[in-house]
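Undergrad: My questions all concern the structure below.
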Amino acid sequence: RKDLKPSKAWVYLGGYRYTNTWLQANATVYHASLIHPILAAAVGSLTNPVSQVIDFGHISMTGASGDINIMPINGLSFDNNVSYNKGTYDRNVDTTGGYYALAGKNIVNYPAWMYKTSVSYTWGGATAHFEANCYGRRYFSFMNDTSIGGYWLANAGMRYSFGKVSVLKNLTASFNVYN
Numbered sequence: 003r004k005d006l007k008p009s010k011a012w013v014y015l016g017g018y019r020y021t022n023t024w025l026q027a028n029a030t031v032y033h034a035s036l037i038h039p040i041l042a043a044a045v046g047s048l049t050n051p052v053s054q055v056i057d058f059g060h061i062s063m064t065g066a067s068g069d070i071n072i073m074p075i076n077g078l079s080f081d082n083n084v085s086y087n088k089g090t091y092d093r094n095v096d097t098t099g100g101y102y103a104l105a106g107k108n109i110v111n112y113p114a115w116m117y118k119t120s121v122s123y124t125w126g127g128a129t130a131h132f133e134a135n136c137y138g139r140r141y142f143s144f145m146n147d148t149s150i151g152g153y154w155l156a157n158a159g160m161r162y163s164f165g166k167v168s169v170l171k172n173l174t175a176s177f178n179v180y181n
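At position 24 of the sequence shown (counting the first as 1) the number is 26 in the working numbering, and the numbers step up by one without a gap.
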């Protein structure tokens with residue numbers, strides 16, 4: 003199409019990292035401007051949707067994340083991470099399928115808040131771990147009228163690394179349970 007322009011992105015990122023023998027901490031802030039992002043979207047009516055490639059003009063994302071990893075004894079690690087992202091469409095979109103008032107709407111399929119915590123312990127070749135992830139509300143339509151609320155996922159597992167066994171290098175057995 004002649005009216006599509008190349009996509010560009012301007013990303014500004016700053017952060018700080020602190021590390022010592024028992025603690026690692028990271029903090030990051032960012033802003034991204036996506037200029038002429040080209041996305042595929044279903045436009046038209048609910049009973050007759052049409053897939054169309056659309057120039058969304060401008061999308062802004064501003065956010066921050068922080069991570070703390072504490073290792074109080076050899077082999078034990080506690081990690082906590084939280085992130086926030088405010089991503090919005092900055093203009094309305096006029097397509098062959100209709101006019102869509104998207105300015106200020108949240109970007110699709112991206113939660114504003116995310117949190118992750120994990121604990122792991124390694125002793126010799128054995129490792130055990132547990133992780134919990136929390137995801138905030140996500141929108142599934144460009145108009146932000148369809149969404150899924152926040153939810154948690156949890157995973158746990160164990161692994162044993164046998165190292166070299168005959169002709170096999172780094173032989174590992176794992177058992178994991180995913181939610």
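Just so you know, even glycine gets a beta-carbon here, dropped at the ideal spot from N, CA and C.
(1) Considering only C-alpha positions, which residue in the set Ala27, Phe132, Thr49, Asp57 is nearest to glycine 68?
(2) With a threshold of 8 Å between beta-carbons, can serine 168 be considered close to chain D, or not?
(3) Measure the alpha-carbon distance for alanine 66 versus glycine 138 and round it to whole angstroms.
(4) DSSP three-state call for isoleucine 109: helix, strand or coil?
(5) Is phenylalanine 58 buried or exposed, if buried means 16 or more other CB atoms sit within 10 Å of its CB?
(6) Between which residues of its own chain and glycine 127 is the CB-CB distance below 6 Å, once the five residues before and five after are set aside?
(7) Using DSSP with H/G/I as helix, E/B as strand and the rest coil, what is methionine 73?
(8) Taking three-plus beta-carbon pairs below 8 Å as touching, is the region 151-170 in contact with the region 119-135?
(9) Report the option in Leu41, Asn71, Leu36 whose CA atom is closest to the CA atom of tyrosine 20.
TA: A quick look at the data gives this:
(1) Ala27
(2) No chain D appears in this structure, which consists of one protein chain only.
(3) 15 Å
(4) If DSSP states are grouped into helix, strand and coil, isoleucine 109 belongs with coil.
(5) buried
(6) Tyr162, Ser163
(7) coil
(8) yes
(9) It is Asn71.
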